[in-house]
Amino acid sequence: MNENTIQHIPNTLSISRIILSIIFTSVLYDTLTHNKTLFIPIIFFIIITITDMVDGHIARKTGNVTQKGTNLDVIADIIFMTSAYIPLVIINVIPLWFLIFNILFFIEFMLTSKYMKKYSKNSNTITYDFTGKYTGLLAIGIPLIIMILYNTSLMGIITVILIIITVIGGIASAISRIHYCYNLTS
Numbered sequence: 128m129n130e131n132t133i134q135h136i137p138n139t140l141s142i143s144r145i146i147l148s149i150i151f152t153s154v155l156y157d158t159l160t161h162n163k164t165l166f167i168p169i170i171f172f173i174i175i176t177i178t179d180m181v182d183g184h185i186a187r188k189t190g191n192v193t194q195k196g197t198n199l200d201v202i203a204d205i206i207f208m209t210s211a212y213i214p215l216v217i218i219n220v221i222p223l224w225f226l227i228f229n230i231l232f233f234i235e236f237m238l239t240s241k242y243m244k245k246y247s248k249n250s251n252t253i254t255y256d257f258t259g260k261y262t263g264l265l266a267i268g269i270p271l272i273i274m275i276l277y278n279t280s281l282m283g284i285i286t287v288i289l290i291i292i293t294v295i296g297g298i299a300s301a302i303s304r305i306h307y308c309y310n311l312t313s
């Protein structure tokens, strides 16, 4: 494989993640509404997650971390998360406000990262904070946890606990990041 081909692999994986996410929405919805086994949607979820890890790893190892690639990766994450939540919202497992909260959380992350890059000496294309990083991972992982626990007695209470943790983490991260951005220009 030549270097030019390797450079395009991370973005190709991100684009494939977007396409797989759209298919995943349909597969998950069909599975949930027809009481089918969740094996296929879980496999889709795992494949999409692996492509997310692999594209970032390849980009870092080959020195091909770009603003375009980083933005594409975050957009693919938002599409994946939204695609995973839509069927869960439709069948009333997750409230719509929680999906909207997560979309706003990712938008805040992108905007504050852009602001930090502009006004900070840090040259990273995306700036992660500890709380935000793990809250984002939890937000993306909640649909998998729900699929694993679906139709069990634990699903309801664990879903509520995860939503509460995600909301608290998202608000804490947003406050921290906005405060940091404010201090950059003060």
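If you're matching positions, the sequence shown starts at 128 in this note's numbering and goes up one per residue.
Note that the Cβ used here is the ideal one computed from N, Cα and C, for glycine as well.
Query                                                                                                                                                : Result
Quick check on DSSP: helix, strand or coil for Pro270?                                                                                               : helix
What residue range does the alpha helix (DSSP H) around Leu199 cover?                                                                                : 194-217
Provide the residue span of the alpha helix (DSSP H) that contains His184, from first to last.                                                       : 166-188
Where do the ends of the alpha helix (DSSP H) carrying Leu281 lie?                                                                                   : Neither: Leu281 is in no alpha helix (DSSP H) and is coded neither H nor E.
Assuming Leu311 and Ser247 are in contact, meaning their beta carbons sit under 8 Å apart, how far apart are those beta carbons, in whole angstroms? : 6 Å
Along the chain, where does the alpha helix (DSSP H) that runs through Thr239 open and close?                                                        : 223-246
Skipping 5 residues on each side, what residues in its chain have a beta carbon closer than 6 Å to that of Ile267?                                   : Met208
Let me make sure I understand the geometry here. Which of Ile136, His306, Gly297 has the alpha-carbon closest to that of Tyr242?                     : His306
Which of helix, strand or coil does DSSP assign to Thr254?                                                                                           : coil
Going by Cα to Cα distance, which pick from Ile170, Thr293, Phe166, Leu159 is closest to Gly259?                                                     : Thr293
Roughly how many whole angstroms lie between the Cα atoms of Ala155 and Asp200?                                                                      : It should be noted that the sequence gives Leu, not Ala, for residue 155. If I take the Cα positions, the gap works out to 22 Å.
Taking just the CA atoms, how far does Lys244 sit from Ser313?                                                                                       : 16 Å
Just the C-alpha distance for Phe228 and Gly283, rounded to the nearest angstrom, thanks.                                                            : 19 Å
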